[in-house]
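Q: The working numbering numbers the first residue of the sequence shown as 281 and each following residue consecutively.
Just so you know, even glycine gets a beta-carbon here, dropped at the ideal spot from N, CA and C.
Quick one: the structure is below, and I'll ask about it shortly.
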Amino acid sequence: MTRVVVLGMITKMPVPGVVWQTLHYLEGLRRLGCDVWYVETHGRTPSMFMRHESDDGSMRAAAFLDATLSRFGFGDRWAYRALHHDGRCFGASERTLKDLYGSATLILNLHGGTLPVDELADTERLIYLETDPVQLQVELEQGLQESIDFLDPHRAFFSFAENLGGEDCGLPVDPRFPFAATRQPVVLDWWAAENEPGDAFTTIGNWRQRWRDVEYGGEKYSWSKHLEWPRFIDLPSRTGLRFELALSGFEDDDRRELEGRGWQVRPAMDLDLDGYREFIQGSLAEFTVAKDQNVRLRTGWFSDRSATYLAAGRPVVTQDTGFSCAMPTGEGLFAVSTMEEAVAAVEAIAAEPRRHAEAAAAIAREHFAHDVVLRPLLAEAGISLPRKGGLGEGGAGVFPAAVSLEVPSRRPTALPPATEAAALAAPLPSSPAEVDAPVASVVVVCHDGLAFTRLCLATVLENSPAAVELVVVDNGSGDGTSRYLDLHEAREPRLRVLRSDKNLGFPKAANRGIGAARAAVVVLLNNDTVVPPGWLEPLLDAVADPAVGVAGPVTNRIGTRAEVAANYRTLAELYSWSQEWSRAHRDAIEEIDLAAMFCLAMRRQTFERVGPLDEEFGIGLLEDDDYAERVRGAGLRVVCVESSFVHHFGEASFGRLVPSGEREQLLARNRKRFEGKHGRSWQPYDRPPEARYEGMMEGIKALVERSVPPEATLLVVSRGDERLLDLGVRQAWHFPQEDGNVYAGHHPSDSEEAIGHLERLRDRGGEYILFPATALWWLDYYREFAAHLERGGRPLVDEPDACVIYELAKVAV
């Protein structure tokens, strides 16, 4: 896997613009399938977090990083080393940091804000990326040895100076350091605005900055924007439109002058991370100026903030720096140099706001989307990623990488609220053209479950070969699914929807979908699945063998030998983990009793030879068992393709029937039909005795034997596995559980529920709680619950390969 360490300076400048700029790199790289870490090791005192000289600024800066990065799914992927003081390392440990540097494919020195000390330079993987050109190029031209020594350890060089080397660019070029042009990547779905545009032209920035002026060619080039604003100071009175500035670095006299000319002014420091984004999304458009350095030298620099305005569908009018050499202007984006040009641009936007909003969003998609920017950057640095390399590729990268795939409750299966909200709020994906000759037809049957369906369809379109068609059979959904499919079908040429006014049942709907499919290979796929990159190709390879009748992937949850112990919690982690799993199990195919129809591939010839699914199984259950028997009866193999992995939430449909008892009635009826057809009793299939899992259980038993008194009662986070309760003479209870020591069938919804359940069982006699290695994610996910345990002291046992055990008697209530 491509591991990227991003060296940043959030705690140097903990303002929303810098934070968002950095987050776009972290998330964008992760969506490309990279293993991404954020590191600060710059040596600057975090004075903005200190009110008094005696304050522990390092601790406060680390807390800020933890809170910010955790929100976006990087809570366990950062390090902050306090080089300004005592060298303490927060977040990741010193050892982890050293390992990161050694294993990184690329170390990105974002902003050029980190000194290339030996531990970074020695890796020969250090990349320089400046977001503000001019000063360094001038210093190189002047032969400043300090700047030469700073750049030397880097192996590739990037700059936001997109016009560097252009005929009209006045910035010097040093052949020793060949800078490649780049620009700000933007995670577009973070900025998609659902609200209507406001009525004001706005911007956010610094008014006065008294440093970083440069002398070059006998002239002085200024860094501070307050020298450029007077060129456009009368814009409000010239147009009669509303303008609002969110500024830092201004004084009362500056504010009075601006407000006297019709500008509204507010302090930029009042905007937090969300407020910054909401301010942009609530604008009609942006009007802003650039630094004198970039304007007169025509560097081609373009603002990272302006890129987010475009992503929000908010047009941008900005001072011309020569950036039109790399992106279109005139609709949605205007480069202006004079008052007359500025007046014309803002009036054009005010006259046709929708037209220019659409043009702005199109420019963002074509020029600033994370994959558009970062893939060429990585290629220039010598790293080539597969086209389907990770989250957010193609046209359906609409879900945040940190979307949780952990299910808070089952029967019925429910998504975490944040995951459901992300699924329902995500924009509709689309593809450029219809597929004339599909290599495979993916058939999805759905009945309600809109959020599940959106997750499934988007990842199928995102992570499958381009020449795949998607056939969806809507079984009389009544929860908004039908409306979504109508809108989606109108935008997506690869999608066809077959509609029914009622629930036909899975077998009949599947037969209908297969009948409409055009490809020689058909894949049945449940709507409560998420498919990662590379899921389909191994299945297609398997069924290309004439001896194979049907093939299925491995998965995290199915209750058969195709279930494997999967280690991920979020969408991004699924993508990364599945790639590693697939590489480790390349070409591994196993004969199995059942290829479950949550995901099943077969040739059309097989379907015609074996026949359709038996529609007498009604709504469903055991139709896939029946089909496997029939495939083998036709002399064909039923196989599991271990290099293909598909995430399965499980019981999203049939789980709704459990509380009423209807599911058990269906199972009994269909079991009778199966046994009547095949002349044998039906038995559930066992999960595989995976060696690592078995080893974990043996390790747990040995640790409990050594550490826990024989008469003790343990709570075991078991996920229902009764074998984990086999702890010799010690009494073991499921956690969480229903009355009678029956596994509850779901996880707690939050820490408060987990703590309450723990204390009830503690009051009934629970003395210890045991977390197997497969459940250690609890201690990260339920943070307040973990803190509740830690208040009682250190764990009794802390062996991450086997288990962690806490003594409940020491837990503060």
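Once DSSP output is grouped into helix, strand and coil, what is the label at Gly669?
A: Legend: pLDDT at Gly669 = 34, less than 50; position of this residue unreliable, value from coordinates given subsequently. Correct three-state label for Gly669: coil.
Q: Can at least three beta-carbon pairs, one atom from the region 872-885 and one from the region 801-819, be found at a separation below 8 Å?
A: yes
Q: What beta strand (DSSP E) runs, 3 residues minimum, are completely inside the region 697-767?
A: Segments of the beta strand (DSSP E) lying fully in the region 697-767: 720-726 and 748-755.
Q: Are three or more beta carbon pairs between the region 1026-1046 and the region 1001-1010 nearer than 8 Å?
A: no
Q: Where in the region 940-1010 do unbroken runs of the beta strand (DSSP E), each at least 3 residues long, occur, reported from the N-terminal end onward?
A: 993-997
Q: Going along the chain, which residues of its own chain have a beta-carbon closer than 8 Å to the beta-carbon of Ile980, five neighbours each way excluded?
A: Leu1004, Leu1007, Leu1050, Pro1052, Ala1082 and Cys1083
Q: Touch check for the region 479-497 and the region 399-419: three-plus C-beta pairs under 8 Å?
A: yes
Q: Let me know the secondary structure DSSP gives Gly832 once reduced to three states.
A: It is a strand residue.
Q: Ignore the nearest five residues each way along the sequence and tell me which others in Ile560's own chain have a CB closer than 7 Å to its CB.
A: Thr588, Tyr589, Ala592 and Arg594
Q: Using DSSP bridges, identify the partner residues of Met882.
A: Bridge partners of Met882: Val802 and Val830.
Q: Tell me the residue span of the alpha helix (DSSP H) that contains Asn574.
A: Asp572 to Leu577
Q: Could you name the residues of the same chain whose beta carbon sits closer than 6 Å to that of Gln464, not counting the 5 residues immediately before and after it, in chain order?
A: Close CB contacts of Gln464 within its chain, under the 6 Å cut and outside five residues either way in sequence, are with Asp584 and Ala587 (chain order).
Q: In whole angstroms, give me the CA-to-CA distance for Trp581 and Ala789.
A: One C-alpha to the other measures close to 55 Å.
Q: How about Thr291 and Phe352: do their beta carbons lie closer than 8 Å?
A: no
Q: Compute the Euclidean distance between the alpha carbons of Leu239 and Leu309, then round it to the nearest angstrom.
A: Since the first and last residues shown for the chain are 281 and 1093, residue 239 lies out of range.
Q: Using a Cβ-Cβ cut-off of 8 Å (strictly less than) and excluding sequence neighbours within five positions of Ala702, which residues of its own chain qualify?
A: Phe679, Pro680 and Val683
Q: Here's the rule I'm using: 16 or more other beta-carbon atoms within 10 Å means buried, otherwise exposed. How should Lys378 be labelled?
A: exposed
Q: Measure the alpha-carbon distance for Val811 versus Cys736 and round it to whole angstroms.
A: 7 Å
Q: For the putative contact between Val802 and Arg884, defined by C-beta atoms under 8 Å, what is the C-beta separation to the nearest angstrom?
A: Contact between Val802 and Arg884 holds, since their C-beta atoms are separated by about 6 Å, short of 8 Å.
Q: What is the C-beta distance between Gly612 and Ala570, in whole angstroms, given that I count them as a contact (C-beta under 8 Å)?
A: Going by Cβ atoms, the distance from Gly612 to Ala570 rounds to 18 Å, so no, they are not a contact pair.
Q: Quick one: complete beta strand (DSSP E) runs, 3+ long, within the region 422-509?
A: Whole beta strand (DSSP E) segments, 3+ residues: 436-439, 459-461, 480-486, 494-496 and 499-501.
Q: Are the Cβ atoms of Val722 and Val748 separated by less than 8 Å?
A: yes
Q: Could you tell me which residues DSSP puts in a beta bridge with Asn389?
A: Asn389 is bridged by DSSP to Leu287 and Tyr408.
Q: How far does the beta strand (DSSP E) with Thr693 in it extend, from its first residue to its last?
A: Thr693 -> no beta strand (DSSP E), and no H or E assigned at all.
Q: Using alpha carbons as the reference points, say which of Gly371, Thr699 and Leu312 lies closest to Arg340.
A: Gly371
Q: Ile663: which of Arg283, Ala982, Pro547 and Ala800 sits nearest, CA to CA?
A: Out of Arg283, Ala982, Pro547 and Ala800, Arg283 has the C-alpha closest to the C-alpha of Ile663.
Q: Look up Ala649 in the DSSP assignment and say whether it is helix, strand or coil.
A: strand
Q: To which residues does DSSP link Ser780 through a beta bridge?
A: Ser780 is bridged by DSSP to Asn755.
Q: What span of residues does the beta strand (DSSP E) with Tyr907 cover, start to end?
A: Here Tyr907 belongs to no beta strand (DSSP E); instead the alpha helix (DSSP H) covers Glu903 to Gly913.
Q: Is it right to say Leu386 is buried, meaning 16 or more other beta carbons lie within 10 angstroms of its own, or is it exposed?
A: buried
Q: Taking the alpha helix (DSSP H) that His1068 belongs to, which residues open and close that run?
A: Arg1063 to Glu1070
Q: Reducing DSSP to helix, strand and coil, say where Ala661 ends up.
A: coil
Q: For Leu671 and Pro697, I'd like the C-alpha separation in whole angstroms.
A: Confidence at Leu671 is low in this model, with a pLDDT of 39, below 50, so the placement of that residue should be treated as unreliable; the coordinate-derived value is given next. The alpha-carbon separation between Leu671 and Pro697 amounts to approximately 21 Å.
Q: Using a 10 Å radius around the Cβ and a threshold of 16 neighbouring Cβ atoms, would you call Pro666 buried or exposed?
A: Confidence at Pro666 is low in this model, with a pLDDT of 46, below 50, so the placement of that residue is unreliable and no value is reported for it.
Q: Distance check for Lys505 and Ser1029, CA to CA, integer angstroms please.
A: 50 Å
Q: Once the 5 residues before and after Lys668 are set aside, which same chain residues still bring their CB inside 7 Å of it?
A: Note that Lys668 has pLDDT 36, beneath the 50 cutoff, so the model's placement of it is unreliable and the number below is only indicative. If we look at Lys668 and ignore the five residues flanking it on each side, its Cβ neighbours are Asn743, Pro813 and Gly814.
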